[in-house]
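Quick notes on the structure that follows.
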Amino acid sequence: MWSSLIPVLLAATALLFIPGALLAAAAGLRVPLIVGLAPALSVAVIAGTGVVAPMLGISWGPVPIAAAVVLLAGAALAARLLAARRHPEDGGPWARPRLQPAAIAAWCISWPLSAVLTALTIGRILNTPDAISQTFDAVFHLNAVEWILRTGNASSLHFLLEAPSGSVYPVGWHTLVALVMRVCGASDVPAAVNATVFAAGGLVWTSGCLTLAHVLFRARPLALLTAAALAGGFVAFPFNLLSWGVLYSNYLAICLLPSLLAAARELVPSGAGGRRTGLLLPAGIIAAGGAGLAQPNAVVTLLIALVILSAGRLIATVRTPPDERPVNAVRRCGLTTGGMLLVFVITWFAMRPPRGAATWGPSYATSGAVGEAVTSTPVQFSVIWVPALLALLGFVVALRVARYRWLAVLHLSTCALYVVARSTPTGDLRHFLTGIWYTDASRLAALLPLTGVPLAVLGAEAIARWGRERLTSIDRLRASSQQPWARWAAYPVIVLILALTGPLSGAMSACVKPMERAYLIAADSPSLTPDERALIDELPSLIGDDAVVAVDPASGAALAYALSGTDTTIKHLFHRDDTDLDIVQAKLNRAETDPAVCPALADLGADYALYFPGKSISDVRPYPGFASLNTAPGFELVANQGRAALYRITACG
Numbered sequence: 012m013w014s015s016l017i018p019v020l021l022a023a024t025a026l027l028f029i030p031g032a033l034l035a036a037a038a039g040l041r042v043p044l045i046v047g048l049a050p051a052l053s054v055a056v057i058a059g060t061g062v063v064a065p066m067l068g069i070s071w072g073p074v075p076i077a078a079a080v081v082l083l084a085g086a087a088l089a090a091r092l093l094a095a096r097r098h099p100e101d102g103g104p105w106a107r108p109r110l111q112p113a114a115i116a117a118w119c120i121s122w123p124l125s126a127v128l129t130a131l132t133i134g135r136i137l138n139t140p141d142a143i144s145q146t147f148d149a150v151f152h153l154n155a156v157e158w159i160l161r162t163g164n165a166s167s168l169h170f171l172l173e174a175p176s177g178s179v180y181p182v183g184w185h186t187l188v189a190l191v192m193r194v195c196g197a198s199d200v201p202a203a204v205n206a207t208v209f210a211a212g213g214l215v216w217t218s219g220c221l222t223l224a225h226v227l228f229r230a231r232p233l234a235l236l237t238a239a240a241l242a243g244g245f246v247a248f249p250f251n252l253l254s255w256g257v258l259y260s261n262y263l264a265i266c267l268l269p270s271l272l273a274a275a276r277e278l279v280p281s282g283a284g285g286r287r288t289g290l291l292l293p294a295g296i297i298a299a300g301g302a303g304l305a306q307p308n309a310v311v312t313l314l315i316a317l318v319i320l321s322a323g324r325l326i327a328t329v330r331t332p333p334d335e336r337p338v339n340a341v342r343r344c345g346l347t348t349g350g351m352l353l354v355f356v357i358t359w360f361a362m363r364p365p366r367g368a369a370t371w372g373p374s375y376a377t378s379g380a381v382g383e384a385v386t387s388t389p390v391q392f393s394v395i396w397v398p399a400l401l402a403l404l405g406f407v408v409a410l411r412v413a414r415y416r417w418l419a420v421l422h423l424s425t426c427a428l429y430v431v432a433r434s435t436p437t438g439d440l441r442h443f444l445t446g447i448w449y450t451d452a453s454r455l456a457a458l459l460p461l462t463g464v465p466l467a468v469l470g471a472e473a474i475a476r477w478g479r480e481r482l483t484s485i486d487r488l489r490a491s492s493q494q495p496w497a498r499w500a501a502y503p504v505i506v507l508i509l510a511l512t513g514p515l516s517g518a519m520s521a522c523v524k525p526m527e528r529a530y531l532i533a534a535d536s537p538s539l540t541p542d543e544r545a546l547i548d549e550l551p552s553l554i555g556d557d558a559v560v561a562v563d564p565a566s567g568a569a570l571a572y573a574l575s576g577t578d579t580t581i582k583h584l585f586h587r588d589d590t591d592l593d594i595v596q597a598k599l600n601r602a603e604t605d606p607a608v609c610p611a612l613a614d615l616g617a618d619y620a621l622y623f624p625g626k627s628i629s630d631v632r633p634y635p636g637f638a639s640l641n642t643a644p645g646f647e648l649v650a651n652q653g654r655a656a657l658y659r660i661t662a663c664g
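Numbering (this note's numbering), first residue to last: 12 to 664.
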C-alpha cells in the first residue's frame, strides 16, 4: 500500500526543507528563495556534516547536523546585524520584501498542483512503494545507503564501499536517504529510496521550477501556474533518470538546479546597475556545494549559467551610455565575468571523471539528435508536443527580449552538448565537451527541462498576451477582458489544458510505459526475480548475523546486503582490487579441488554462496566461478526458491 510510504515521505520532506529553510530565513532571503534554496542548503549541511564529522572525530548523525544548522544560522544572524549597522537605510536586519497576495495565492495553488502531477507519473514508474530498480547502478546505490547506516561513514571524501582505503565519491543522495531512515526508524532501504524520490521530484524540483518562474517573471500568477503544470511535462526530467542508470545522484542534483539558477539570476541582474543582495551570495555558494555533493556535474551546469549571465551583464553595461551607468561598472563587470570564467575553466578540468569511466558512445544520427533537442524529447521518446512547442516559442521570444536572452543561450548550450553526446563520433572533442557527463546523452538530456520549463512559461505568456490583445480589439469584450476576475477565471482552463497535454497526456503515458519495466519484478527480470527476492528476504532466518555470503553481483545477489542486511563479499558490479575476490569469482565452483579457493574464502570470511542462475544485469558477464554451483561438489543446499539457492560451502571443512 502506498500509504506505508507516508511516514518516510514526511521524514524526507522535513529533512529536505526544514534545515535549509532555517538557514535561508536566518540569512534574510526572500520567501520564494527560502522555499527554493532550502533543499540545496539542507543537502549541503547533511552531506557536508558527513565530510566534517570524521575530521572532528565525532560520529555522523542527527546531532552534529542539528549543531551545524544552529552554528550556521547563528553566523547568518550575526552577519545580518553587522550589515544593518553599516547600512541602516535598508530598514534594519529583519526587513524583507513582502509577497503580493496574488503571488501568495498562486504559490498556494501551484505547488500542490505541480507536486501531485509530478508524483502521479513517478508513482506509475515505480509501480509499488518498495520497488527496486532493475538497472545496473541500483546495486551500488542501495548498498551504499546500507553501508552508511551500518558504518556511520557518510564522507564523500573517504567512502569505503568497494575501496578499502577510501575513495572520493559524492554521497549526498545516499547520506540523505540514510538520515531519513535513521530519523523515522525505517529499515526498508528500497522504500526509503522511493520516498526520497517522491520528495525530490514531487516537491524539490517543483518548488525550484516555481522559484525560478517567480524570479524570472516577477511572480506573475499565470507564470507560476504554467510552471506548475509543466514542471512534470517533460519526460527527460524528472522521469527518465529514474529508469536510466539508475542515476539517483544526478536526479537529486538536477532537482536542486532550478532554485540555484534563480539565485544566480538574482545575484547577476540584467542591467548595468547593481543592488545589494545581502547574504544570498554565501547562501548560494553553500547551496551549490549541496548540489555538488549530490553530483559535481551540477556545479558545472550552474557555472555555465553564471558565465552566460555575467557575460550578458558585461555586454549590457558596455552598451549603456557612460552617464547612465555607475562609476567603474564596466571594470567591475569585466572582473566578475573574468573571475567566473576562470572558476569555470578550473572546474571544467578538475571535476572531469577518468576517461575510462566515460564509456557511452554515439547512438543516433546528428539530424535526429537535433530534432530531439529542439523538441526537448530525448532518446527517441514520443514527443509531448504542447510543452515542446511552448518551449520552442519561448526560445524565440527569449532571443528577442534582452532580460531573457541568457536563458535562450543556456538552453542552446545544453542542446548542443546533448547533440554532441548523442551523435558525434568517439574522440577527443567528444570527450572534452561531454566527458563531465560521462559522454552520456541521457544525463545531458535531463538538463533540457531545466531551461525548457521557464521557456515554455515564456511561450505560454506570449500566447496569452496575444490572446488578450485580440480580445481587447473586440469592443464588447474589451472591458471584461481587462478585469482581474477575467484573468483568474481563465487560469483554471489554461492549467487544465496544459496538464492534459503535458503530464497527463497520452504521449507521456507512452513514454512512461517502458520506464515501468525497470521496476517490475518478474521471472525474466535482469536483476532480481520473485524467487530471488523471496530467498533474500529469508536470509536473516537462515544464517547468522555475522555471516558473509559469496555473491556474483551481476546476478543481483549483491542486493542481499541492502535488502536483508546480510554481508556480501561484493557490493557493486565493479569490485575492489583484491586477489581473494579474483580467486573466488573465477574458481569458487572448484573449491573442493583448487587449493587456492579455501584460503581466499577464509580471508573473506565467506561460508555461504548465493546462486542466482540464468541472467545478468545489463548483460554483464557472470563470474565463471559461480557457474553450475547446483552441481558442484563441496556445496550443501540450505534453502531455495525455485532456481535461486543458498549454499553452505562445505568444501573447506
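Every residue gets a Cβ at the ideal spot worked out from N, C-alpha and C, and that includes glycine. Since the structure is predicted, the reported quantities are computational estimates derived from the model, not experimental observations.
Length of the line joining the Cα atoms of residue 458 and residue 252: Using only the alpha carbons, I get a separation of about 11 Å.
Distance, residue 22 Cα to residue 542 Cα: Taking the straight line from one Cα to the other gives about 32 Å.
Cβ-Cβ separation, residue 142 to residue 201 (assumed contact under 8 Å), whole Å: Taking a contact as a CB-CB distance under 8 Å, the pair residue 201 and residue 142 counts as one, their CB atoms being some 7 Å apart.
Which of the three DSSP states is assigned to residue 554 in this structure? In the three-state reduction of the DSSP assignment, residue 554 falls in the coil class.
Taking a contact to mean a Cβ-Cβ separation below 8 Å, would you say residue 212 touches residue 129 in this structure? Against a cut-off of 8 Å, the Cβ pair of residue 129 and residue 212 comes out as a contact.
List the endpoints of the continuous beta strand (DSSP E) containing residue 660. Going by DSSP, residue 660 is part of the beta strand (DSSP E) stretching over 655-660.
Quick check on the DSSP output: the beta strand (DSSP E) that includes residue 111 runs from which residue to which? Premise fails: residue 111 is in no beta strand (DSSP E) and is neither H nor E.
Please state whether DSSP places residue 559 in a helix, a strand or coil. In the three-state reduction of the DSSP assignment, residue 559 falls in the strand class.
Secondary structure of residue 604, DSSP reduced to three states: In the structure shown, residue 604 falls within a coil segment according to DSSP collapsed to helix, strand and coil.
Return the chain-ordered list of same chain residues with a C-beta closer than 6 Å to the C-beta of residue 645, the five sequence neighbours on each side being excluded. In its chain, beyond the 5 residues on either side, 602, 603, 661 and 662 have a beta carbon closer than 6 Å to the beta carbon of residue 645.
Return the Cβ separation of residue 619 and residue 654 in integer angstroms, given the expectation that the two are a contact with Cβ distance under 8 Å. Between residue 654 and residue 619 the Cβ distance is about 17 Å, and since that is not below 8 Å, they are no contact.
Three-state secondary structure assigned by DSSP to residue 339: Three-state result, residue 339: coil.
Hey, out of 439, 428 and 423, whose CA is closest to residue 367's CA? Checking every option, the nearest Cα to that of residue 367 belongs to 439.
Should residue 339 be labelled buried (16 or more other beta-carbon atoms within 10 Å of its own) or exposed? Result: exposed.
Would you decide whether residue 540 is buried or exposed? Buried here means 16 or more other CB atoms lie within 10 Å of its CB. Counting of Cβ neighbours within 10 angstroms places residue 540 among the buried residues, the total reaching 16 or more.
Same chain only: Cβ atoms within 6 Å of residue 258, ignoring 5 sequence neighbours per side: If we look at residue 258 and ignore the five residues flanking it on each side, its Cβ neighbours are 252.
Which of helix, strand or coil does DSSP assign to residue 596? Here residue 596 sits in helix by DSSP.
Bridge-paired residues (DSSP) for residue 619: 560 and 659, per the DSSP bridge assignment.
Residues of its chain near residue 650, where Cβ-Cβ distance is below 8 Å and the 5 sequence neighbours each way are ignored: Correct list, in chain order: 546, 549, 553, 656 and 657.
Just to confirm before moving on: does the CB-CB distance between residue 574 and residue 628 stay below 8 Å? It is not a contact, given that the beta carbons lie outside the stated cut-off.
DSSP beta-bridge partners of residue 652: In DSSP, residue 652 forms a bridge with 655.
Evaluate the contact criterion for the segment 344-357 versus the segment 393-400: three or more CB pairs, one atom per stretch, below 8 Å. They do not touch, by the three-pair rule.
Use the C-beta contact count for residue 70: other C-beta atoms within 10 angstroms, 16 or more gives buried, fewer gives exposed. It is exposed - the Cβ of residue 70 has fewer than 16 other Cβ atoms within 10 Å.
CA-CA distance, residue 188 and residue 76? Roughly 14 Å separates the two Cα atoms.
In whole angstroms, what is the alpha-carbon distance linking residue 191 and residue 152? It is roughly 15 Å from the alpha-carbon of residue 191 to the alpha-carbon of residue 152.
Which of the three DSSP states, helix, strand or coil, is assigned to residue 392? Residue state, collapsed to three classes: coil.
Can you list, in chain order, the residues of its chain whose CB lies under 6 Å from that of residue 592, leaving out five sequence neighbours each side? Taking C-beta separations shorter than 6 Å and ignoring five residues to either side along the sequence, the partners of residue 592 in its chain run 586, following chain order.
Assuming contact is defined by CB atoms lying nearer than 8 Å, are residue 455 and residue 445 in contact in what I supplied? Remark: C-beta atoms of residue 455 and residue 445 approach each other more closely than 8 Å.
Evaluate residue 198 with the Cβ neighbour count: other Cβ atoms within 10 Å of its Cβ, from every protein chain shown; 16 or more gives buried, anything less gives exposed. Looking at its Cβ environment, which holds fewer than 16 other Cβ atoms inside 10 Å, residue 198 is exposed.
DSSP three-state assignment for residue 453, whether helix, strand or coil: In the three-state reduction of the DSSP assignment, residue 453 falls in the helix class, which pools H, G and I.
With DSSP as the reference, label residue 443 as helix, strand or coil. Secondary structure of residue 443 (DSSP, three-state): helix.
Ends of the alpha helix (DSSP H) at residue 433? Where residue 433 is concerned, the enclosing alpha helix (DSSP H) stretches over 416-434.
Three or more beta-carbon pairs under 8 Å between the segment 43-52 and the segment 286-303, yes or no? Yes, since at least three Cβ pairs between the segment 43-52 and the segment 286-303 fall closer than 8 Å, the two stretches touch.
Which residue's Cα is closest to the Cα of residue 373: 435, 226 and 305? Taking only the C-alpha atoms, the option nearest residue 373 is 435.
Inter-residue Cα distance where the pair is residue 184 and residue 263: Spanning the two alpha carbons is a distance of roughly 7 Å.
Does the distance from the C-beta atom of residue 268 to that of residue 312 stay below 8 Å? Note that the C-beta distance between residue 268 and residue 312 is below 8 Å.
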